[in-house]
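Listed in order, the protein sequences are those of chains V and Z. To convert, note that position 104 of the first sequence is 1481 in my numbering; the numbers rise steadily by one, no gaps. To convert, note that position 30 of the second sequence is 1407 in my numbering; the numbers rise steadily by one, no gaps. Glycine included, every Cβ here is placed at the ideal spot set by N, Cα and C. What follows is one structure encoded as structure tokens, with my remarks underneath.
2 protein chains.
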Amino acid sequence: MLIGEYIHTIDEKNRVSMPAKFRKELGKKIIITPGLDSCLFIFTLKEWEKVSTRLSDTNTDLSFLKADQRNFNRYMFGRAAEVEIDSIGRILIPDFLKDRIGLKNSAAVIGVGDRVEIWNDKVWSQNADVVEKQAPELAEKLGNEKK
Amino acid sequence: MLIGEYIHTIDEKNRVSMPAKFRKELGKKIIITPGLDSCLFIFTLKEWEKVSTRLSDTNTDLSFLKADQRNFNRYMFGRAAEVEIDSIGRILIPDFLKDRIGLKNSAAVIGVGDRVEIWNDKVWSQNADVVEKQAPELAEKLGNEKK
DNA sequence: ATACCAAGTGGGAAAAAGTGGGAAATCGGT
DNA sequence: ACCGATTTCCCACTTTTTCCCACTTGGTAT
């Protein structure tokens, strides 16, 4: 399971270290996509298979109109990249993804269970503060839905 | 069963001793997360599995399609850590969790049945005073709800 | 009272993780 | 094919983390 928060630098070559604790689970290649909420999503190849089959299956109960779904898929697939992890655990962030979320020198690398997220570190900490306040009611809300 | 209150120091390396009486039950690795009410929760791996599978059931839904789910997962997983207990029973508290509840030199380590909580010791003793006074009426309230 | 044992605390040395940069390889354009 | 620019690979430095050992304290048994 991918969990925890790490603040890592992005060097002039657009490299970011994956936390040592993530490396085994991530494997040698990962898929990086523009995520939701101004961060990037990183999936293991295995997770990506699940995600992509699920997204492209128009018969599922995803609450999208089909046109919407096509556009969403363009968003998720069209700008996804397969990226290798180098021998000491770093990945290269494509420029267009870096620009999208305003990354500069420092990134927050977050394990969110089945995926990793990359945030501008400032945006992450602001966002975390907001979510922290909401957490109890979110917990309750989700708890009710799951029944 | 994890019970009792212990005041332990946090050294400059962010280490805290788990009470000797907890060690057997905690095992070799634990999960530490931001809890509710400005303390940290420590779960055994077994407890954590129960908690985390209930939170993110990725087999039925993609965990990132709903905004609430994303935010809650960021909170629960993003700010959690898997931590080893060292050979003499200490754990390392990640900086971001230490900061969150304002830990400095001294922490209250509390057994709460199936989990351990870490408190700023001052906050804990204040909180304990308040709860002590409320205890009778809390008991009554819970008694009514349980019917 | 004293010696012993268990629990908690502190710190030094070794190992690992993260960061930076140079050299080799690749790509693209002329 | 050649040149310059970009990317990839590898090595080296620095900082952080981990591991291990030793000291201290408080309780217990002799």
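Residue range of the unbroken beta strand (DSSP E) whose run includes residue i
i               : result
A1485 (chain V) : 1483 to 1490
S1394 (chain Z) : 1392 to 1394
R1467 (chain V) : 1467 to 1469
E1459 (chain Z) : 1458 to 1461
K1406 (chain V) : 1406 to 1411
Endpoints, the alpha helix (DSSP H) within which residue i is located
i               : result
P1513 (chain Z) : 1498 to 1522
L1403 (chain V) : 1397 to 1403
K1427 (chain V) : 1422 to 1433
L1379 (chain V) : Segment 1379 to 1386 is the beta strand (DSSP E) holding L1379 (chain V); no alpha helix (DSSP H) there.
L1474 (chain Z) : 1472 to 1477
F1454 (chain Z) : Taken as a continuous stretch (DSSP letters only), F1454 (chain Z) belongs to no alpha helix (DSSP H), as it is neither H nor E.
Pick from the options that is closest to residue i, judged by C-alpha positions
i               : options                            : result
F1399 (chain V) : Z:D1463, Z:G1455, Z:P1513, Z:I1487 : Z:G1455
I1470 (chain V) : V:R1392, V:N1497, V:Y1383, V:I1380 : V:R1392
S1372 (chain Z) : Z:I1419, Z:G1412, Z:S1502, Z:E1514 : This structure cannot settle anything about residue 1372 (chain Z), because the visible part of chain Z is limited to 1378 through 1524.
N1497 (chain V) : V:A1444, V:A1485, V:A1505          : V:A1485
D1506 (chain V) : Z:L1480, Z:D1476, Z:I1462, Z:K1523 : Z:D1476
G1381 (chain V) : Z:G1404, Z:K1423, Z:T1410, Z:E1514 : Z:T1410
M1453 (chain Z) : V:D1388, V:P1513, V:N1521          : V:P1513
E1522 (chain V) : Z:R1431, Z:V1508, Z:K1406, Z:G1404 : Z:R1431
L1403 (chain V) : V:F1420, V:K1427, V:G1412          : V:F1420
I1408 (chain Z) : Z:K1401, Z:S1429, Z:S1394, Z:I1478 : Z:S1429
D1463 (chain V) : V:K1401, V:E1424, V:F1418          : V:K1401
V1508 (chain V) : Z:K1427, Z:A1444, Z:E1426, Z:F1418 : Z:A1444
L1413 (chain Z) : V:Q1511, V:G1520, V:I1495, V:L1519 : V:Q1511
Buried or exposed by the 16-neighbour rule on C-beta atoms within 10 Å, applied to residue i
i               : result
T1386 (chain V) : exposed
L1474 (chain Z) : buried
N1436 (chain Z) : Note on N1436 (chain Z): pLDDT 48, under 50, position unreliable in the model; the coordinate value appears next. N1436 (chain Z) comes out exposed.
S1440 (chain Z) : buried
I1384 (chain Z) : exposed
D1388 (chain Z) : exposed
R1447 (chain Z) : buried
L1515 (chain Z) : exposed
E1424 (chain V) : buried
A1457 (chain V) : buried
Residue i vs residue j beta-carbon contact at 8 Å
i               : j               : result
G1466 (chain Z) : A1397 (chain Z) : yes
S1415 (chain Z) : V1500 (chain Z) : yes
K1406 (chain V) : E1459 (chain V) : yes
M1395 (chain Z) : G1490 (chain Z) : no
I1495 (chain V) : L1422 (chain V) : no
heavy atom of the ligand GDP below 7 Å from residue i C-beta
i               : result
W1496 (chain V) : Although the ligand GDP was asked about, the structure shown includes no ligands whatsoever.
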